[in-house]
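**Q** Below you'll find the structure I mean.
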Amino acid sequence: MNQKGFTLIEIVGVVIVFAVILLVSLPAISKTLKHQKDQEYNQVLNDVYAATEQYVESNRTSFIPLEHIGGEVSISIALLQDTGYLKENLVNPKTGKKFSRADSIIVKVNKDGTLTYTFKE
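So the sequence shown is numbered by the numbering used here: it starts at 3 and just counts up by one.
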């Protein structure tokens, strides 16, 4: 009698092989996805910093503290959105949610006169 098909042992063996492959590859896939989200987040922050820089340069006379070393100002996401420097539906790639309009960017004058931008939630 010639039976065609797989035995239970063969099927279990294949399932075990697939399980091992999955266990080995899952951490690498997870790490890659996290790295991608981090890169997207950093790109969004760079866009926010660029918008803040444009806003500050366009309205430099409004920011007296930025005329002195160590001076700093806080510029809200709401202000940048209301003035058209940022789009309204700015989404955080890490959470998938919109950035709060209350979030802000701290602009500080360094000792060498350059400006540093820091995002504050």
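In this text, a Cβ means the ideal position worked out from N, Cα and C, and glycines have one as well.
#1: Name the DSSP bridge partner or partners of Y119?
#2: Just to check my reading of the structure: I79 and D105 have Cβ atoms closer than 8 Å, yes? What is that Cβ distance to the nearest angstrom?
#3: What do you get for T54, buried or exposed, if any count of 16 or more other CB atoms within 10 angstroms of its CB means buried?
#4: What's the call for F101, buried or exposed, on a 16-neighbour Cβ count within 10 Å?
#5: Which of the three DSSP states, helix, strand or coil, is assigned to I102?
#6: For V111, is the classification buried or exposed, using 16 other Cβ atoms within 10 angstroms of its Cβ as the cut-off for buried?
#7: How many angstroms separate the CA atom of G7 from the CA atom of I13?
#8: Do you know offhand how far V17's Cα is from V109's?
#9: Tell me the residue span of the alpha helix (DSSP H) that contains E59.
#10: Assign E69 to one of three DSSP states: helix, strand, or coil.
**A** Straight from the coordinates:
#1: Your numbering for residue 119 matches position 117 in the sequence shown. Answer by DSSP bridge pairing, in chain order: V109.
#2: Counted from its first residue, the sequence shown places residue 79 at position 77. Counted from its first residue, the sequence shown places residue 105 at position 103. Yes, they are in contact, since the Cβ atoms of I79 and D105 sit about 5 Å apart, within 8 Å.
#3: In the sequence shown, counting from the first residue as 1, residue 54 sits at position 52. T54 should be labelled buried.
#4: Counted from its first residue, the sequence shown places residue 101 at position 99. Label assigned to F101: buried.
#5: On the sequence shown, residue 102 is found 100 positions in, with the first residue counted as 1. Looking at the sequence provided, one finds Ser at residue 102 rather than Ile. In the structure shown, S102 falls within a coil segment according to DSSP collapsed to helix, strand and coil.
#6: Reading the sequence shown from its first residue, position 109 is the one you call residue 111. Classification for V111: buried.
#7: What you label residue 7 is simply residue 5 of the sequence shown in a count that begins at 1. What you label residue 13 is simply residue 11 of the sequence shown in a count that begins at 1. Our two residues, G7 and I13, have alpha carbons roughly 10 Å apart in a direct line.
#8: On the sequence shown, position 15 is the one that residue 17 refers to. On the sequence shown, position 107 is the one that residue 109 refers to. Those two C-alpha atoms are separated by around 56 Å.
#9: Here residue 59 refers to the residue found at position 57 when the sequence shown is read from its first residue. Unbroken alpha helix (DSSP H) run through E59: L10 to S60.
#10: As a first step, residue 69 is located in the sequence shown; it is residue number 67 there, counting from the start. DSSP places E69 in helix when its eight states are reduced to three.
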